[in-house]
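S.K.: Can you read through this structure? Questions will come right after.
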Amino acid sequence: MRRPEDKPHPPDDQSLRETGQLFLLPEEVRATRSSKVQTAKVPSYLRDHRVRLRARFMAGGADAVPDYELLELILFRALGRKDVKPLARELLETFGDFNRVITAPKARLLSVHGVGEAVVVELKIIEAASHRLMRSKVIKRPVVSSWDALLDYCHTAMAHRETEQFRVLYLDRKNTLIADEQQGEGTVDHVPVYPREVAKRALELNASALILVHNHPSGDPTPSQMDIEMTKRIISACDVLGIALHDHLIIGKSQELSFRAEGLV
0 MRRPEDKPHP PDDQSLRETG QLFLLPEEVR ATRSSKVQTA KVPSYLRDHR
50 VRLRARFMAG GADAVPDYEL LELILFRALG RKDVKPLARE LLETFGDFNR
100 VITAPKARLL SVHGVGEAVV VELKIIEAAS HRLMRSKVIK RPVVSSWDAL
150 LDYCHTAMAH RETEQFRVLY LDRKNTLIAD EQQGEGTVDH VPVYPREVAK
200 RALELNASAL ILVHNHPSGD PTPSQMDIEM TKRIISACDV LGIALHDHLI
250 IGKSQELSFR AEGLV
């Protein structure tokens with residue numbers, strides 16, 4: 000006979016989140032506990048809309064759908080029983096375009112009504128996937144033969160960020176990209192950079208040359224005097240070690256500036 004103390008306890012949040020290999024966010028756990036939510040059916044008009052939208056996307060690709068519908072396709076996964084079209088339009092209105100939505104900081108995304116952790120996760124998966132795809136086209140390849148792909152990668156990773164980010168691309172003796180590392184992130188118009196740390200890391204990677212990359216959130220890639228002076232300090236730190244600085248790229252919203260092309264290095 001079962002004793003009172005043997006009465007099974009309801010599962011806690013942790014066990015609900017880790018049922019087999021299925022991991023749930025807190026709001027998804029709450030939805031699981033609610034029989035009303037769990038048994039609610041997706042309205043037929045929403046279901047039909049999603050079927051048509053997915054079919055159109057699969058038949059024609061990304062060019063077959065505008066930005067708000069591409070966002071809808073992403074949001075379907077996070078908000079399975081809601082009409083996500085209003086939220087997709089709200090996100091585009093708030094951030095300006097698809098790229099800015101995907102790359103927006105988590106805190107900014109969560110400030111939009113209707114956006115929760117599940118939505119942020121789906122958007123950040125898309126951002127990470129796009130970065131990884133573009134990076135695969137340049138890593139371990141000579142930068143001379145993949146220069147356009149390198150610029151595309153830098154734009155994908157940095158052009159739509161709201162704060163300045165500084166990256167260093169490390170090259171070997173054959174000018175093959177061996178590492179791409181973020182060295183710092185700052186405010187809307189400044190990012191701290193430490194030339195000695197850049198040079199030290201180059202030694203650790205056995206790099207022979209560098210390309211510096213940072214973005215201007217304003218969209219204007221024109222270098223500031225601080226940008227020019229910082230570049231000179233890095234050149235000095237690397238010269239002592241026999242490491243060359245091939246270029247410094249500033250990424251704007253729709254274009255980039257090359258220090259080498261401008262005669263600044």
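Numbering-wise, the sequence shown is residues 0 to 264 according to numbering that gives the first Met the number 0. Where a beta carbon is used, it is the ideal one built from N, C-alpha and C, also for glycine.
(1) If I follow the unbroken beta strand (DSSP E) through D66, where does it start and stop?
(2) Across the stretch 111 to 129 and the stretch 61 to 78, are there enough close Cβ pairs to call them in contact, namely three or more that are closer than 8 Å?
(3) Under 8 Å, with one C-beta from each stretch per pair, do the stretch 237 to 252 and the stretch 183 to 202 reach the 3-pair mark?
(4) Count the CB pairs spanning the stretch 213 to 229 and the stretch 162 to 178 that are closer than 8 Å, and state whether there are at least three.
(5) For V50, count neighbouring C-beta atoms within 10 Å of its own C-beta (all shown protein chains included) and say buried if the count is 16 or more, exposed if not.
(6) Sorted by chain position, which residues of the same chain lie with C-beta nearer than 7 Å to A103's C-beta, five sequence neighbours on each side aside?
(7) If you measure between the beta carbons of T175 and R140, is that distance less than 8 Å?
(8) Check whether the stretch 53 to 71 and the stretch 97 to 112 touch, using three or more Cβ-Cβ pairs below 8 Å as the test.
(9) Helix, strand or coil, according to DSSP, for L204 in the structure here?
(10) Provide the residue span of the alpha helix (DSSP H) that contains R131, from first to last.
(11) Does the beta-carbon distance from I138 to D171 come in below 8 Å?
(12) Are L91 and D66 close, meaning C-beta to C-beta below 8 Å?
(13) A127: which of Y193, Y152, T230 and V192 sits nearest, CA to CA?
(14) With 16 other CB atoms within 10 Å as the buried threshold, where does T221 fall?
(15) Once you ignore the five residues that flank V118 on each side, which residues in its own chain have a CB closer than 6 Å to its CB?
(16) Considering only C-alpha positions, which residue in the set K105, V190 and E228 is nearest to L263?
(17) In the DSSP assignment, find the unbroken beta strand (DSSP E) run with H247 in it and report its ends.
(18) In the structure shown, what three-state DSSP assignment does R46 receive?
(19) Cα-Cα, which of M133, H159 and M157 is closest to D147?
(20) So what's T282 in DSSP terms, helix, strand or just coil?
(21) Leaving out five residues on either side along the sequence, give the residues of the same chain with a beta carbon under 6 Å from the beta carbon of V64.
(22) By a C-beta neighbour count over all protein chains shown, 10 Å radius and 16 as the cutoff for buried, is A260 buried or exposed?
(23) Put G183 into one of helix, strand or coil per three-state DSSP.
(24) Going straight from the alpha carbon of A158 to that of G79, what length do you get?
(25) Look at the Cβ atom of G113, then the Cβ atom of E89, and state whether they are nearer than 8 Å.
(26) In angstroms, rounded to a whole number, what distance separates the CA positions of G115 and S207?
M.R.: Once the coordinates are examined:
(1) Translated into the one-based positions of the sequence shown, residue 66 becomes position 67. Run containing D66: none in the beta strand (DSSP E); it sits in the alpha helix (DSSP H), D66 to A77.
(2) yes
(3) yes
(4) yes
(5) Along the sequence shown, one-based indexing puts residue 50 at 51. Exposed, by the Cβ-count rule.
(6) Within the sequence shown, the letter at position 104 stands for residue 103. Here the set comprises F94.
(7) Against the sequence shown, residue 175 aligns to sequence position 176. Against the sequence shown, residue 140 aligns to sequence position 141. Cβ distance < 8 Å, so T175 and R140 count as in contact.
(8) yes
(9) For the purposes of this step, residue 204 is taken as the residue at position 205 of the sequence shown. L204: coil per DSSP, three-state reduction.
(10) If you number the sequence shown from 1, residue 131 lands on position 132. Its alpha helix (DSSP H) spans residues E116 to S135.
(11) Here residue 138 corresponds to residue number 139 of the sequence shown, with the count starting at 1. Here residue 171 corresponds to residue number 172 of the sequence shown, with the count starting at 1. Result no, Cβ atoms of I138 and D171 do not sit closer than 8 Å.
(12) Here residue 91 refers to the residue found at position 92 when the sequence shown is read from its first residue. Here residue 66 refers to the residue found at position 67 when the sequence shown is read from its first residue. Cβ distance < 8 Å, so L91 and D66 count as in contact.
(13) Within the sequence shown, residue 127 is the residue found at index 128, counting from 1. Answer by Cα proximity: Y152.
(14) Taking the first residue of the sequence shown as position 1, residue 221 is located at position 222. Per the 10 Å Cβ criterion, exposed.
(15) The residue given as residue 118 occupies position 119 in the sequence shown. Counting only Cβ-Cβ distances below 6 Å, and skipping sequence neighbours, we find A77.
(16) Position 264 of the sequence shown holds residue 263. Measuring from the Cα of L263, the nearest candidate turns out to be E228.
(17) Counting from one through the sequence shown, the residue named residue 247 turns up at place 248. Run containing H247: A243 to I250, per the beta strand (DSSP E) assignment.
(18) What you label residue 46 is simply residue 47 of the sequence shown in a count that begins at 1. If DSSP states are grouped into helix, strand and coil, R46 belongs with the helices.
(19) As a working mapping, residue 147 is identified with position 148 in the sequence shown. When only C-alpha atoms are compared, the closest one is M133.
(20) In the structure as shown, the chain starts at 0 and stops at 264, and residue 282 therefore has no counterpart that could be examined.
(21) Position 65 of the sequence shown holds residue 64. Around V64: F56.
(22) For this step, residue 260 is matched to residue 261 along the sequence shown. Burial call: exposed.
(23) Translated into the one-based positions of the sequence shown, residue 183 becomes position 184. The answer is strand: DSSP assigns G183 an E or B state.
(24) In the sequence shown, counting from the first residue as 1, residue 158 sits at position 159. In the sequence shown, counting from the first residue as 1, residue 79 sits at position 80. The straight-line gap from Cα to Cα measures roughly 31 Å.
(25) Looking up residue 113 in the sequence shown gives position 114. Looking up residue 89 in the sequence shown gives position 90. Taking 8 Å as the Cβ cut-off, G113 and E89 qualify as a contacting pair.
(26) What you label residue 115 is simply residue 116 of the sequence shown in a count that begins at 1. What you label residue 207 is simply residue 208 of the sequence shown in a count that begins at 1. Cα-Cα distance, rounded: 45 Å.
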